[in-house]
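Note sheet for the following structure.
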Amino acid sequence: MNVVHRNKIPPKNWNDWRWQLRNCVRDLAGLEKLLHLTDDERSAVHKLGKRLPLGITPYCAALLDRDDPSQPLRRTLVPSTAEFVRTRGELEDPLGEEQRMPVPGLVHTYPDKVLFLVTDQCAVYCRYCTRARMVGRQGKVSDRARWQRAVDCIAATPAVRDVLISGGEPLILSDDKLEWLLRRLRAIPHVEIIRLSTKVPAVLPQRITRPLVRMLRKYHPLWLSVHFTHPDELTRECGTACARIADAGIPMCSQTVLLKGVNDDADTMKRLMLGLLRFRVKPYYLHQCDAIAGSAHFRTPVATGKELLRSLHGHTTGYAVPAFMLDAPGGGGKVPLSPDYVAGRDGDELVLRNYRGEEYRYRER
Numbered sequence: 059m060n061v062v063h064r065n066k067i068p069p070k071n072w073n074d075w076r077w078q079l080r081n082c083v084r085d086l087a088g089l090e091k092l093l094h095l096t097d098d099e100r101s102a103v104h105k106l107g108k109r110l111p112l113g114i115t116p117y118c119a120a121l122l123d124r125d126d127p128s129q130p131l132r133r134t135l136v137p138s139t140a141e142f143v144r145t146r147g148e149l150e151d152p153l154g155e156e157q158r159m160p161v162p163g164l165v166h167t168y169p170d171k172v173l174f175l176v177t178d179q180c181a182v183y184c185r186y187c188t189r190a191r192m193v194g195r196q197g198k199v200s201d202r203a204r205w206q207r208a209v210d211c212i213a214a215t216p217a218v219r220d221v222l223i224s225g226g227e228p229l230i231l232s233d234d235k236l237e238w239l240l241r242r243l244r245a246i247p248h249v250e251i252i253r254l255s256t257k258v259p260a261v262l263p264q265r266i267t268r269p270l271v272r273m274l275r276k277y278h279p280l281w282l283s284v285h286f287t288h289p290d291e292l293t294r295e296c297g298t299a300c301a302r303i304a305d306a307g308i309p310m311c312s313q314t315v316l317l318k319g320v321n322d323d324a325d326t327m328k329r330l331m332l333g334l335l336r337f338r339v340k341p342y343y344l345h346q347c348d349a350i351a352g353s354a355h356f357r358t359p360v361a362t363g364k365e366l367l368r369s370l371h372g373h374t375t376g377y378a379v380p381a382f383m384l385d386a387p388g389g390g391g392k393v394p395l396s397p398d399y400v401a402g403r404d405g406d407e408l409v410l411r412n413y414r415g416e417e418y419r420y421r422e423r
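Residue numbers (the working numbering): 59 to 423.
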């Protein structure tokens, strides 16, 4: 049973992304009006304090089940007390981003690309967020003086050719603020590619307005790294948002975090990946869930991700098969974790095993 009756909300409001943000569920009282909470969920919201806040747009709330706390999307958005259980190896900053900032908000891990954190605010707050330590704090991350320092640093680093704008959620910035950033980055001669990392098409598709995409298309080559979690996010409104982006000539690649009890079965993953292709989004990365503090209830064994890739490879189009990646703790960068189809070697022959488990031999010389 869905928790928001859309027919009771005027379309003018429902389709206004700013109205959606103003009417986010942000506290226990608001959540109680929408969901039949379990004692665990209620206790978790009580305990949040200054931790990763609660935030659910009305649009997202309409996708949740009022009565089923095990619903995948509900688990990703509603707090649980498992978030407060810290296990061995978990870190507040698992990717070591804070150690790799030449200036505040700019992370330089790889030689030719940087991560530009332009806001600490999100449309919704995913309970498995890698940057739970910083998002939702109402800080001064969006301050233009801070942005300018980062832009100046990029301009002074000729090796940087790829800038990924993230946060927080960059697409909840106004069109004017976003264009301020894009214009300055595009003016740097050695910046070849600009990417925006966003979950907006999945959780706030109303934000993808015609004026927004008209502005974005002025700054090609521009790419969107779009975060999707579950096939239930692939609604008609999400499809409309993705179509506007694709029609503006902006390629989209998906990033999906592998989550226990959410998308860790073959049927769910296949439906998600094929649904993304229908929306003109290329499945790009399947991420092993980062070891953030309080994430054990979401993390699967690495073997699960490998088996999910096996369930896709050969059984459907290769376009639907993402790369399985693990971000090495402490800032080591992304490490591919692909299944191995090499069964061994017999003299000059490489022994291969295909998607059906059949063996084939390839003579190398």
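Ideal Cβ placement from N, Cα and C applies to all residues, glycine included. Values in this document were obtained by computation on a predicted structure and should not be read as measured data.
Where does residue 407 sit, in a helix, a strand or coil, going by DSSP? Looking up residue 407 in the sequence shown gives position 349. Strand at residue 407.
Straight-line Cα distance separating residue 316 from residue 323: The residue you call residue 323 lines up with position 265 of the sequence shown. The residue you call residue 316 lines up with position 258 of the sequence shown. For residue 323 and residue 316, the distance between alpha carbons rounds to 10 angstroms.
Using beta-carbon positions only, say whether residue 185 and residue 134 come within less than 7 angstroms of one another. Here residue 185 corresponds to residue number 127 of the sequence shown, with the count starting at 1. Here residue 134 corresponds to residue number 76 of the sequence shown, with the count starting at 1. Taking C-beta atoms as the reference points, residue 185 and residue 134 count as a pair closer than 7 angstroms.
Return helix, strand or coil for residue 382, following the three-state DSSP convention. By 1-based counting over the sequence shown, the position of residue 382 is 324. Reduced to three states, the DSSP call for residue 382 is strand.
Checking 7 angstroms against the spacing of the C-beta atoms, do residue 226 and residue 193 come in under that value? Taking the first residue of the sequence shown as position 1, residue 226 is located at position 168. Taking the first residue of the sequence shown as position 1, residue 193 is located at position 135. Yes, the pair counts as a contact, with Cβ atoms nearer than the cut-off.
So, helix, strand or coil for residue 137, using DSSP? Stepping through the sequence shown from its first residue, residue 137 is reached at position 79. Reduced to three states, the DSSP call for residue 137 is coil.
Under a three-way DSSP split, which group does residue 311 fall into? As a working mapping, residue 311 is identified with position 253 in the sequence shown. Strand, per DSSP.
For residue 245, which of helix, strand or coil comes out of DSSP? Here residue 245 is taken as the residue at index 187 of the sequence shown, counted from 1. Coil, per DSSP.
How about the region 376–385 and the region 409–420: do they share at least three Cβ pairs that are nearer than 8 angstroms? Touching, no.
Apart from the five residues on each side of it in sequence, which residues of its chain come closer than 7 angstroms, Cβ to Cβ, to residue 269? The residue given as residue 269 occupies position 211 in the sequence shown. In the same chain as residue 269, and ignoring 5 residues on each side of it, the C-beta atoms closer than 7 angstroms to its own belong to 233, in chain order.
Minimum C-alpha distance to residue 102 - residue among 74, 86, 109 and 138: In the sequence shown, the residue the question calls residue 102 occupies position 44. When only C-alpha atoms are compared, the closest one is 138.
Going by DSSP, what residue range makes up the alpha helix (DSSP H) through residue 342? Here residue 342 refers to the residue found at position 284 of the sequence shown. First-last for residue 342: 340–346, but that is the beta strand (DSSP E), not the alpha helix (DSSP H).
Let me know the secondary structure DSSP gives residue 253 once reduced to three states. Indexing the sequence shown from 1 puts residue 253 at position 195. Strand at residue 253.
Is it the case that the Cβ atoms of residue 271 and residue 294 are separated by a distance below 7 angstroms? Start at 1 with the first residue of the sequence shown, and residue 271 comes out as number 213. Start at 1 with the first residue of the sequence shown, and residue 294 comes out as number 236. In this structure, residue 294 does not lie closer than 7 angstroms to residue 271 by Cβ.
Beta carbon of residue 82, beta carbon of residue 113: below 7 angstroms? Indexing the sequence shown from 1 puts residue 82 at position 24. Indexing the sequence shown from 1 puts residue 113 at position 55. A contact, by the Cβ cut-off of 7 angstroms.
Opening and closing residue of the beta strand (DSSP E) in which residue 104 lies: As a working mapping, residue 104 is identified with position 46 in the sequence shown. From DSSP, residue 104 is part of no beta strand (DSSP E) but of the alpha helix (DSSP H) over 97–105.
Per DSSP, what kind of secondary structure is residue 59 in: helix, strand or coil? Locating residue 59 in the sequence shown gives position 1, counting from the first residue. Any answer about residue 59 is weak, because its pLDDT of 41 lies below 50 and its placement is not dependable; what the coordinates show is given next. Three-state result, residue 59: coil.
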